[in-house]
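Participant: For the sequence shown, the working numbering assigns the number 61 to the initial residue and increments by one for each residue that follows. We put the CB at the ideal spot given by N, CA and C, even for glycine. Take a look at the following structure, please.
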Amino acid sequence: MLRLEDELKTAPRRDKFIAEQRTRLENKYRKIFINQAGESIDRTKEDAERSVMCVLLALAMHLLACPDDKPNPHTLLIRRIYKMVLEYDPELTMAIAEAYNNGEDEEEAAGFMVPSHDPLKVDEKPQIPAELQVIKERIEKIFDFYSSTLADSSDCLSSNYTPEEFYAIWDDLANEETIIRHMQVTSPRIKMALRNDIEQVEKATQNDYNLKLVLNIIGLLREPGIVTKNTDQLNSMFFTDVKTKYFKPNEIVKVGTADSGIKDEAMLGLIRQIIKRHTKQSATAPDTSPILRQ
């Protein structure tokens, strides 16, 4: 569990990392090594899953140790972990959770208080002003929705890119103060009209962000072939109405107008620079081969 916690600190996408580690642990716990010679015994699938469940629950419980004076920053991750373990054995999961809560109450009543701390905190100075941190967190959720939907869609990314590499582009974009500020510029002329059958669509349904800018970014990711679907396919992936123009380069470059969500040439250059930083030489043209999916 401590190894998972340590690796989580630097994982570019913590929810995706947990999903990958779940699969790794399921395979790992199918065998138990009984001596230094490497001899092992096989375990049942159910036994392996119970072991994984215990590791993940221990991690979730540790993440609950964050200070109580502000919202826990790992709430979504904790919920994701609980959802995973509930898929294994709902009754056992609830029994363990109840025992944990009862134990916590008993220890606090006896005066044994565990110091609060954020187990995933990395001592790094923020790259943006403190007053933008809340806005940045909102932008990250929006970018998470769009990037995850793209990465999880078959044949949407070039096979030269893993989902983690794709998310890293969005992470860099979300760390730019100029982009964070301009993401607050909304337009009443463009409606959300997001499909309600997309996973985690609630992250992006509010009309409180620059939708045009998000779609422009996706369109710019098509230029080096990182995103491989055409504008019609991208539009139907997200929306119930037509917004194809905002994915098209000839419209995106009309910076500072109603046709583009990008403020000016400097911002356009910044976005292209960030994308170029992550672009691989072999991704100069769209690649429609399937990506490895977790």
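Suppose contacts are defined by Cβ-Cβ distances below 9 Å. Is A234 in contact with I199 by that definition?
Facilitator: Going by C-beta atoms, A234 is nearer than 9 Å to I199.
Participant: How many Å lie between D204 and I94 at the Cα?
Facilitator: D204 and I94 have their alpha carbons spaced roughly 43 Å apart.
Participant: Check whether chain D comes within 9 Å of E224, counting only Cβ atoms and requiring the distance to be less than that.
Facilitator: Absent from the structure: chain D. Only one protein chain is present.
Participant: Please report the straight-line C-alpha distance between K105 and D149, rounded to a whole angstrom.
Facilitator: 13 Å
Participant: Thinking P179 and A228 are a contact (beta carbons under 8 Å), I'd like their distance in whole angstroms, please.
Facilitator: In this structure, P179 and A228 do not form a Cβ contact; the two beta carbons are roughly 23 Å apart against a cut-off of 8 Å.
Participant: Near L146, which residues of its chain fall below 6 Å by C-beta distance, leaving aside the five closest residues on each side in sequence?
Facilitator: T153
Participant: In angstroms with no decimal places, state the Cα-to-Cα distance between K357 and N256.
Facilitator: Lying before the first or after the last residue shown, residue 357 is absent from the chain, which here runs from 61 to 354.
Participant: What does DSSP give as the partner residues of I101 in its beta bridges?
Facilitator: I92, per the DSSP bridge assignment.
Participant: Anyone know if the C-beta pair for V378 and L271 falls short of 9 Å?
Facilitator: No answer is possible for residue 378: the residues shown for the chain start at 61 and end at 354.
Participant: At which residues does the alpha helix (DSSP H) containing T238 begin and terminate?
Facilitator: E237 to H242
Participant: With DSSP collapsed to three states, give me the class of K185.
Facilitator: Confidence is the limiting factor: at K185 the pLDDT is only 43, short of 50, which leaves the residue's position unreliable, though a coordinate-based value still follows. Coil.
Participant: Identify the residues that DSSP records as bridge partners of V287: which are they?
Facilitator: BP columns for V287 point to L217.
Participant: When burial is assigned at 16 or more other CB atoms within 10 Å of the CB, is D208 buried or exposed?
Facilitator: Looking at the sequence shown, residue 208 is not Asp but Ser. Counting Cβ neighbours within 10 Å, S208 comes out buried, since at least 16 surround it.
Participant: Buried or exposed for P223, going by 16 or more other Cβ atoms inside 10 Å?
Facilitator: Burial call: buried.
Participant: Tell me the residue span of the alpha helix (DSSP H) that contains P223.
Facilitator: P223 to L233
Participant: Should R82 be labelled buried (16 or more other beta-carbon atoms within 10 Å of its own) or exposed?
Facilitator: buried
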